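Trainee: Be aware that the sequence shown starts at 2, since it is given in the numbering used here, and climbs by one per residue.
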Amino acid sequence: MRVVIVTESFPPDVNGVAHCALQTARHLVDRGHAPVVVAPAPAPGNKPDAFAPCPVVHVPSLPLPGYPQVRVALPSRRLAATLVGHRADVVHLASPFVLGVRGMAAAARLGIPAVAVYQTDLAGYARTYMGAGEAAAWRRIRAVHGAADLTLAPSSAALNDLETHGVPRVRLWPRGVDTERFRPDRRDEALRRALAPNGELIVGYVGRLAPEKHVELLAGVCGLEGVRVVIVGDGPSRPGLEQALPGAVFLGRRTGDDLARVFASFDVFAHTGPFETFCQTVQEAMASGLPVVAPAAGGPLDLVAHGRTGLLVPPHDAAAVRDAVRSLAADAGLRAGYGAAGRATVEGRTWAAVGDRLIGHYTQVLAGRRTAVAA
Numbered sequence: 002m003r004v005v006i007v008t009e010s011f012p013p014d015v016n017g018v019a020h021c022a023l024q025t026a027r028h029l030v031d032r033g034h035a036p037v038v039v040a041p042a043p044a045p046g047n048k049p050d051a052f053a054p055c056p057v058v059h060v061p062s063l064p065l066p067g068y069p070q071v072r073v074a075l076p077s078r079r080l081a082a083t084l085v086g087h088r089a090d091v092v093h094l095a096s097p098f099v100l101g102v103r104g105m106a107a108a109a110r111l112g113i114p115a116v117a118v119y120q121t122d123l124a125g126y127a128r129t130y131m132g133a134g135e136a137a138a139w140r141r142i143r144a145v146h147g148a149a150d151l152t153l154a155p156s157s158a159a160l161n162d163l164e165t166h167g168v169p170r171v172r173l174w175p176r177g178v179d180t181e182r183f184r185p186d187r188r189d190e191a192l193r194r195a196l197a198p199n200g201e202l203i204v205g206y207v208g209r210l211a212p213e214k215h216v217e218l219l220a221g222v223c224g225l226e227g228v229r230v231v232i233v234g235d236g237p238s239r240p241g242l243e244q245a246l247p248g249a250v251f252l253g254r255r256t257g258d259d260l261a262r263v264f265a266s267f268d269v270f271a272h273t274g275p276f277e278t279f280c281q282t283v284q285e286a287m288a289s290g291l292p293v294v295a296p297a298a299g300g301p302l303d304l305v306a307h308g309r310t311g312l313l314v315p316p317h318d319a320a321a322v323r324d325a326v327r328s329l330a331a332d333a334g335l336r337a338g339y340g341a342a343g344r345a346t347v348e349g350r351t352w353a354a355v356g357d358r359l360i361g362h363y364t365q366v367l368a369g370r371r372t373a374v375a376a
């Protein structure tokens, strides 16, 4: 199968869209298929991922105003030329927003089936950044995904949102996790001593530091006695968060085995963002054997079994986050039990298993197109 993956982000970018697109390309190659990636060019000085498993076509891009870590693709003939030159059987649109919308239009002109992967809560972002615009965001989502042969939602909450807002032909497609990389035995006592020299319980957050993540909700956790908050990631909110989270340690961006070592060295993982369509870092924390505190909203509802693998709290509730962490800090046995249950829960969620489900979706779309043509 010849697949063109059109993605709004790809390594060296570090985010859920980029990671999922990379894992998808790797799995397709492993299964004998022929993918090509089309993505915005990285920022000057950022080298493209040397370990990309397939050809990557970069289109010109500019930084998003106010959020330079995000690159926005400019109009380019390279996209349509790639669809034609690669003789694509199917176009995979990863979180279509700008480049993906052009990919959808090009696929439609060329008569190529398109599978759109819903990964970004644009409506939630509209509320965060503009205080309004949610209705307009859903109109755009409906227009883009409604043109696809199939839309894949990463969680039950996302699927329900899409169907409620009139998006047709939606199926569930979750994300995999690398359980070989993220595992409890990567715990590093030397790192723990460096992060918490007085033996504090380490509560970690991993993700973008941006307004929609609401990392400031960890301020109350910073005030707990015997607790050290460690923040992994970068983004436009970092300067403000360094003021809002007294005593927290900011490690910046970490990737690969280094990130896995940091994860396993936490005692509790706390996620604060209420707009997650999936939340990959929660899965990575569970694979690392950590109890999780997360909002009872979006993707975490599928991932965290409240009272078994972690604690779900009301979104936007700093006191609830603090109290959940306090209860886990007071009970080492509870932390260990939640962590072990979390690890057991994700052990079968490999990228290979999830990737095979994706290929099954492609196959069904192609079969549907053939049936329609024959009719």
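Using N, Cα and C, we set each Cβ at its ideal position, and we do this for glycine too. Since the model is a prediction, treat every value here as computed from it, not as a measurement.
1) So what's residue 362 in DSSP terms, helix, strand or just coil?
2) Pull the bridge partners of residue 260 from the DSSP assignment, please.
3) Which same chain residues, not among the five before or five after residue 71, have their C-beta less than 6 Å away from its C-beta?
4) Beta-carbon separation of residue 288 and residue 184 under 8 Å?
5) Excluding sequence positions up to five away, which residues of its chain have a Cβ less than 8 Å from the Cβ of residue 235?
6) With distances taken Cα to Cα, identify the nearest neighbour of residue 188 among 168, 249 and 259.
7) Measure the C-alpha to C-alpha separation of residue 227 and residue 339 and round it to an integer number of angstroms.
8) When DSSP labels each residue in this structure, what does residue 20 get in the three-state scheme?
9) Given a cut-off of 8 Å on the beta-carbon distance, is the pair residue 40 and residue 59 in contact?
10) When you compare the region 306–317 with the region 139–149, are there three or more beta-carbon pairs, one atom per stretch, that lie closer than 8 Å?
11) For a test of the three-state rule: what should DSSP assign to residue 271, helix, strand or coil?
12) Would you check if there are 3 or more beta carbon pairs closer than 8 Å linking the region 351–365 to the region 175–182?
13) Are the CB atoms of residue 281 and residue 46 nearer to each other than 8 Å?
14) Contact defined as beta carbons within less than 8 Å: I believe residue 84 pairs with residue 115. What is the distance between those atoms, to the nearest angstrom?
15) Rounded to a whole number of angstroms, what is the C-alpha to C-alpha distance between residue 286 and residue 270?
16) State the start and end residues of the unbroken beta strand (DSSP E) segment that holds residue 64.
17) Would you call the region 84–94 and the region 4–12 in contact, with 3 or more CB pairs under 8 Å?
18) Can you pull the DSSP bridge partners for residue 36?
19) Would you report the Cα separation of residue 173 and residue 154, rounded to the nearest angstrom?
20) Please report the straight-line C-alpha distance between residue 35 and residue 56, rounded to a whole angstrom.
21) For a test of the three-state rule: what should DSSP assign to residue 120, helix, strand or coil?
22) Is the distance from the Cβ of residue 330 to the Cβ of residue 202 below 8 Å?
23) Would residue 320 be called buried (16 or more neighbouring beta carbons within 10 Å of its own) or exposed?
24) Where does residue 295 sit, in a helix, a strand or coil, going by DSSP?
25) Output the distance between the C-alpha atoms of residue 342 and residue 333, rounded to the nearest integer angstrom.
26) Tell me the DSSP secondary structure of residue 87 in three-state form.
27) Confirm, please, whether the CB-CB distance from residue 123 to residue 104 is below 8 Å.
28) If you follow the beta strand (DSSP E) that residue 69 is in, where does it begin and where does it stop?
29) Let me know if residue 296 comes out buried or exposed under the rule of 16 or more other beta-carbons within 10 Å of its beta-carbon.
30) Take residue 198 as the anchor and find which of 250, 141 and 370 has the nearest alpha-carbon.
31) Could you give the DSSP three-state label for residue 172: helix, strand or coil?
32) Taking DSSP as the reference, what is the three-state secondary structure of residue 152?
Mentor: Taking the definition as stated:
1) DSSP places residue 362 in helix when its eight states are reduced to three.
2) Under DSSP, no beta-bridge partner is assigned to residue 260.
3) Same-chain partners within the cutoff: 65.
4) Yes; because the gap between Cβ atoms is below 8 Å, this pair is in contact.
5) 70, 209, 210, 253 and 254.
6) Selection 168, 249 and 259 evaluated against residue 188 yields 259 as nearest (Cα-Cα).
7) Between the alpha carbons of residue 227 and residue 339 lies a gap of roughly 20 Å.
8) Of the three classes helix, strand and coil, the one that applies to residue 20 here is helix, per DSSP.
9) Residue 40 places its beta carbon less than 8 Å from that of residue 59.
10) When Cβ pairs closer than 8 Å are counted between the two stretches, the region 306–317 is seen not to touch the region 139–149, the count staying below three.
11) Residue 271: strand per DSSP, three-state reduction.
12) Of all C-beta pairs linking the region 351–365 to the region 175–182, three or more are shorter than 8 Å, placing the two stretches in contact.
13) In this structure, residue 46 does not lie closer than 8 Å to residue 281 by Cβ.
14) Distance from residue 84 to residue 115 at the Cβ level is roughly 10 Å; contact not present, criterion being Cβ atoms closer than 8 Å.
15) As the crow flies, the alpha-carbon of residue 286 is around 6 Å from that of residue 270.
16) Where residue 64 is concerned, the enclosing beta strand (DSSP E) starts and stops at 62–65.
17) Yes: at least three Cβ pairs fall under 8 Å.
18) Answer is 4.
19) Roughly 5 Å between the two C-alpha positions.
20) Computed Cα separation, rounded: 10 Å.
21) Secondary structure of residue 120 (DSSP, three-state): coil.
22) Yes, Cβ-Cβ distance for residue 330 and residue 202 is below 8 Å.
23) By the neighbour-count rule (16 or more Cβ atoms within 10 Å), residue 320 is not buried but exposed.
24) In this structure, residue 295 counts as strand in the three-state DSSP scheme.
25) Spanning the two alpha carbons is a distance of roughly 14 Å.
26) Here residue 87 sits in coil by DSSP.
27) No Cβ-Cβ contact shorter than 8 Å links residue 104 with residue 123.
28) Taken as a continuous stretch (DSSP letters only), the beta strand (DSSP E) holding residue 69 covers 68–74.
29) So residue 296 counts as buried.
30) Distance check between residue 198 and each of 250, 141 and 370 places 250 closest, using alpha-carbon atoms only.
31) Residue 172 falls in the strand class under three-state DSSP.
32) DSSP places residue 152 in strand when its eight states are reduced to three.
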